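Q: Can you keep this structure in mind? I'll have questions shortly.
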Amino acid sequence: MNVFRLAGDMTHLLSIVVLLLKIRTTKSCAGISLKTQELYVLVFLTRYLDLFTRYFSVYNVLMKLIFIGTSVAIFWYMRYHKVVKQTYSKDLDSFRHYHLILGCFLMALLIPFDFSVTEVLWTFSIYLEAVAILPQLVLLQKSRNIDNLTGNYVFLLGAYRALYLLNWIYRFFTEIHKIRWIPWISGLVQTALYADFFYYYIQSWRKHEELKLPA
Amino acid sequence: PKTGSVKDEL
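Protein chains in written order, with this note's numbering: chain H, 116 to 330; chain C, 8 to 17.
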């Protein structure tokens, strides 16, 4: 495992820690999109089906279980926790995420990694992850003020995929030497979706101002 | 195999 990959995984993990910290300490999920969180549950469940069929390492198994467990926990807090669910910004979380699911599924049927149930679902999870942040970005744009934890959460989530891009470049030259269209293009799209957010996040950080996205 | 080391990523 190279340093980009490890940094990417740790950034991903940290983003989840930040979000859980916000939910558990402030008892609030204001500014967080339940729809994006639902999409992540679906992404992890469909991608990590190979937990039953393939073994790579203890690290790999542990991280997969952590990602599935924490995404379900976040979903549970936002949907069912007596206090937390009342802070959910339901009216602002208006993105039609079912369209994303349907679109990604059709794409995965047309352009799968391989023609089998698990491979189509794996491809689906890659496509869906690329666009899963959209409901969250739309919600942020509609929010008047974005609290620090929410801003940091989204930043870390974007940084994770950007680091994976470096990991893929590194692996291409040192190890795999194969073009991997599906993850590469999806990863590029996924990272590009954050470009706008990154810009305003860094600006607000440099000017020591509150983060705000223009409508 | 077709899947190779691609799938060791998260």
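Beta carbons are placed, not taken as given, at the ideal position from N, Cα and C, and that holds for glycine.
None of these values were measured; they are calculated from a predicted model.
#1: Counting only beta-carbon atoms, is residue 178(H) nearer than 8 Å to chain C?
#2: If distances are taken between C-alpha atoms only, which option among 229(H), 233(H) and 253(H) comes closest to residue 334(H)?
#3: Which residue comes first and which comes last in the alpha helix (DSSP H) that contains residue 304(H)?
#4: Give the secondary structure of residue 231(H) by DSSP, where H, G and I count as helix, E and B as strand, and everything else as coil.
#5: Count Cβ pairs between the stretch 236-246 of chain H and the stretch 186-204 of chain H that sit closer than 8 Å; are there 3 or more?
#6: Classify residue 125(H): buried if its beta carbon has 16 or more other beta carbons within 10 angstroms, exposed otherwise.
#7: Could you check what DSSP says for residue 311(H) in three-state terms: helix, strand or coil?
#8: How about residue 136(H) and residue 272(H): do their beta carbons lie closer than 8 Å?
#9: How should residue 215(H) be labelled, buried or exposed, when 16 other C-beta atoms within 10 angstroms of its C-beta is the threshold for buried?
#10: Might you give, ordered along the chain, the residues of its own chain that have their beta carbon closer than 6 Å to the beta carbon of residue 198(H), omitting 5 neighbours on each side?
#11: Are the CB atoms of residue 326(H) and residue 316(H) within a distance shorter than 8 Å?
#12: Locate the alpha helix (DSSP H) running through residue 202(H), then write down its first and last residues.
#13: When you compare only the Cα positions, how much space is there between residue 190(H) and residue 203(H)?
#14: Starting from residue 292(H), trace the alpha helix (DSSP H) both ways and give me its first and last residue.
A: Looking at the coordinates:
#1: By this cut-off, residue 178(H) is an interface position.
#2: This structure does not reach residue 334(H), given that chain H is present from 116 up to 330, and the question cannot be answered.
#3: For residue 304(H), the enclosing alpha helix (DSSP H) begins and ends at 296-308.
#4: Reduced to three states, the DSSP call for residue 231(H) is coil.
#5: Output reads no: the stretch 186-204 of chain H does not touch the stretch 236-246 of chain H.
#6: Residue 125(H) is classed as exposed because its beta carbon has fewer than 16 other beta carbons within 10 Å across all chains shown.
#7: In the structure shown, residue 311(H) sits in a helix (DSSP, three-state: H, G or I).
#8: Inclusion of residue 136(H) and residue 272(H) in the CB contact set at 8 Å is not warranted, their separation being larger than that value.
#9: Counting Cβ neighbours within 10 Å, residue 215(H) comes out buried, since at least 16 surround it.
#10: Here the set comprises 142.
#11: Against a cut-off of 8 Å, the Cβ pair of residue 326(H) and residue 316(H) comes out as a contact.
#12: For residue 202(H), there is no enclosing alpha helix (DSSP H), as DSSP gives it neither H nor E.
#13: If you take the alpha carbons of residue 190(H) and residue 203(H), they lie about 11 Å apart.
#14: For residue 292(H), no alpha helix (DSSP H) encloses it, and the DSSP letter there is neither H nor E.
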